[in-house]
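Below is one structure, written out as structure tokens; the observations come after it.
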Amino acid sequence: MSSPISRRSPLGAIQSADTPPPDGQLVERPFLTHVNLRLDPGDTEARSAVHRVLGVQLPLTPNTTTAGDDLTAIWLGPDEWLLLAEPDASGSLAGELQTALAGHFASVIDISAGQTVIRLSGPSALDVLARSCALDLHPTDFPPGACAQTLLARAQALLIAVDGTPTFDIIVRRSFAPYVAAWLQDSAHPFGLSFPESNTA
Amino acid sequence: MLLIPCPWCGPREDDEFTFGGEADIPRPADPDALTDEQWADYLFMRDNRRGRHREQWCHTAGCRRWFIVERDTVTNEILGAGTYGGST
Numbered sequence: 001m002s003s004p005i006s007r008r009s010p011l012g013a014i015q016s017a018d019t020p021p022p023d024g025q026l027v028e029r030p031f032l033t034h035v036n037l038r039l040d041p042g043d044t045e046a047r048s049a050v051h052r053v054l055g056v057q058l059p060l061t062p063n064t065t066t067a068g069d070d071l072t073a074i075w076l077g078p079d080e081w082l083l084l085a086e087p088d089a090s091g092s093l094a095g096e097l098q099t100a101l102a103g104h105f106a107s108v109i110d111i112s113a114g115q116t117v118i119r120l121s122g123p124s125a126l127d128v129l130a131r132s133c134a135l136d137l138h139p140t141d142f143p144p145g146a147c148a149q150t151l152l153a154r155a156q157a158l159l160i161a162v163d164g165t166p167t168f169d170i171i172v173r174r175s176f177a178p179y180v181a182a183w184l185q186d187s188a189h190p191f192g193l194s195f196p197e198s199n200t201a
Numbered sequence: 001m002l003l004i005p006c007p008w009c010g011p012r013e014d015d016e017f018t019f020g021g022e023a024d025i026p027r028p029a030d031p032d033a034l035t036d037e038q039w040a041d042y043l044f045m046r047d048n049r050r051g052r053h054r055e056q057w058c059h060t061a062g063c064r065r066w067f068i069v070e071r072d073t074v075t076n077e078i079l080g081a082g083t084y085g086g087s088t
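Chains B and U, in that order, give the protein sequences. The opening residue of the first sequence carries number 1 in the numbering used here; numbering runs sequentially from there. The opening residue of the second sequence carries number 1 in the numbering used here; numbering runs sequentially from there.
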């Protein structure tokens with residue numbers, strides 16, 4: 001039996017086609033699990049407790065990520081990380097972390113509903129981003145696995161280099177998502193890239 | 001535009017930062033023991049130096065950490081940056 005109340009992703013109205021165009025991709029990755037984790041990086045016991053839960057080490061090098069099978073740990077600050085996991089894992093992930101970190105000076109917050117991920121990939125991805133971001137995102141400076149918090153068209157964004165296609169995941173706050181999506185849509189238009197037509201309308 | 005070297009994220013443009021005024025002004029340990037004049041001096045009075053200036057910046061749009069930058073207020077040249085307690 002389906003619930004009379006259905007959830008909506010921040011960009012639900014402009015995503016959801018199943019087959020991306022062959023020359024690139026501009027889609028939302030909705031409903032992923034986002035957990036914000038803060039702890040003292042000097043607390044090695046806490047970090048190994050987190051390692052046992054996540055299966056990956058927290059990255060200690062600024063602006064890098066560590067990827068596991070179904071989870072990516074993203075550096076946000078010297079004592080702050082974002083854990084990005086498959087949809088609907090937030091309850092168990094946050095709960096397990098809270099249990100594992102009991103007694104440690106740490107904070108675990110489920111922020112899945114507060115932000116969303118836009119995936120941009122294809123040969124023109126760098127050109128699209130160059131229209132709204134001052135960072136040099138060329139793979140020599142920003143290889144797969146790198147991340148950066150910066151401004152994208154004056155909106156705060158977290159950029160992650162996923163692979164060498166190149167593919168980027170762009171994480172923005174929920175309330176900024178339609179604005180950033182509209183900007184990306186506009187930037188990508190000359191390159192023949194577009195969010196797929198909604199099939200949910 | 002300033003290119004400000006965040007001690008964690010590396011050089012970024014100044015749009016990403018918030019200025020926090022002169023550095024190295026410790027909060028008095030016992031504010032109750034101060035005269036009004038001394039307290040006002042701590043709160044409001046700054047040197048506004050010409051030349052080398054140690055100042056606080058926050059990487060607001062990045063890692064959201066405060067740190068210290070040494071900047072020449074005449075030429076805007078950045079002479080160094082560091083964390084609190086570290087060297088600049």
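Backbone N, C-alpha and C fix where the C-beta goes; we use that ideal spot for every residue, glycine too.
Short CB-CB distance (under 7 Å) between residue i and chain B
i       : result
U:Gly20 : no
U:Glu70 : no
U:Gly85 : no
U:Ala61 : yes
U:Trp39 : no
U:Asp32 : no
U:Trp94 : Chain U is shown only over 1 to 88; residue 94 of chain U falls outside these bounds and no answer can be derived.
U:Asp14 : no
U:Arg65 : yes
Residue i and residue j closer than 7 Å at C-beta
i        : j        : result
B:Ala203 : B:Ala155 : Past the edges of chain B, shown from 1 to 201, lies residue 203 of chain B, and the structure says nothing about it.
U:Arg71  : U:His53  : yes
U:Thr83  : U:Pro31  : no
B:Ser112 : B:Ser92  : no
B:Leu76  : B:Leu83  : no
B:Ala134 : B:Phe168 : no
B:Ala188 : B:Val128 : yes
B:Gln25  : B:Ser121 : yes
B:Leu32  : B:Val117 : yes
B:Leu54  : B:Leu37  : no
Three-way DSSP call (helix, strand, coil) for residue i in this model
i        : result
U:Pro11  : strand
B:Pro87  : coil
U:Glu100 : This structure leaves residue 100 of chain U out entirely; chain U is present only between 1 and 88.
U:Asp47  : coil
B:Val56  : coil
B:Thr99  : helix
B:Asp23  : coil
U:His59  : coil
B:Ala153 : coil
B:Ser175 : helix
B:Asp79  : coil
U:Arg27  : coil
B:Leu158 : strand
B:Ser6   : coil
Through-space distance from residue j to residue i, alpha-carbon basis
i        : j        : result
U:Trp39  : U:Asp24  : 16 Å
U:Ile4   : B:Ile5   : 48 Å
U:Gly62  : B:Gln115 : 16 Å
U:Asp15  : B:Arg131 : 16 Å
B:Pro166 : U:Arg50  : 46 Å
B:Gly145 : B:Ala153 : 23 Å
B:Glu96  : B:Ala102 : 10 Å
B:Val35  : B:Pro123 : 31 Å
B:Pro178 : B:Val162 : 22 Å
U:Met1   : U:Pro11  : 12 Å
U:Gly130 : U:Gln56  : Residue 130 of chain U is absent from the model: chain U starts at 1 and stops at 88.
U:Asp41  : U:Val69  : 23 Å
U:Phe67  : B:Arg29  : 35 Å
B:Ala17  : B:Leu137 : Low confidence applies here, because B:Ala17 scores a pLDDT of 48, under 50, leaving its location unreliable and the question unanswered by this model.
B:Val172 : B:Arg52  : 29 Å
B:Pro196 : B:Gly42  : 45 Å
B:Phe105 : B:Glu80  : 12 Å
B:Asp110 : U:Phe17  : 27 Å
U:Arg27  : B:Gly12  : 49 Å
B:Pro143 : B:Leu159 : 12 Å
B:Gln57  : B:Arg47  : 8 Å
U:Glu77  : U:Phe19  : 16 Å
U:Leu43  : U:Thr73  : 22 Å
Nearest-angstrom beta carbon gap, residue j and residue i [assumed within contact, 8 Å]
i        : j        : result
B:Val180 : B:Arg119 : In fact, because the Cβ distance is near 13 Å, the residues do not count as touching under 8 Å.
U:Cys58  : B:Pro62  : Between B:Pro62 and U:Cys58 the Cβ distance is about 16 Å, and since that is not below 8 Å, they are no contact.
B:Ala73  : B:Pro59  : 6 Å
B:Pro139 : B:Gly164 : 6 Å
B:Val108 : B:Ala85  : In fact, because the Cβ distance is near 13 Å, the residues do not count as touching under 8 Å.
B:Thr66  : B:Cys147 : With 8 Å as the limit, B:Thr66 and B:Cys147 do not qualify as a contact, their Cβ atoms being about 10 Å apart.
Proximal chain C residues relative to residue i, where beta-carbon distance stays under 8 Å
i       : result
U:Trp57 : Note that chain C does not occur in the displayed structure, where the protein chains are B and U.
Neighbour flag for residue i against chain U, beta carbons, 7 Å
i        : result
B:Gly24  : no
B:Gln149 : yes
B:Gly192 : no
B:Pro139 : no
B:Asn63  : yes
B:Gly204 : Residue 204 of chain B falls outside the range modelled here, since chain B spans only 1 to 201, and no answer is possible.
B:Ala73  : no
B:Ala134 : yes
B:Gly77  : yes
B:Gln98  : no
B:Gln115 : no
Check: residue i C-beta below 6 Å from any heavy atom of the ligand MN
i       : result
B:Val50 : Ligands are entirely absent from the displayed structure, and the ligand MN is therefore not among its contents.
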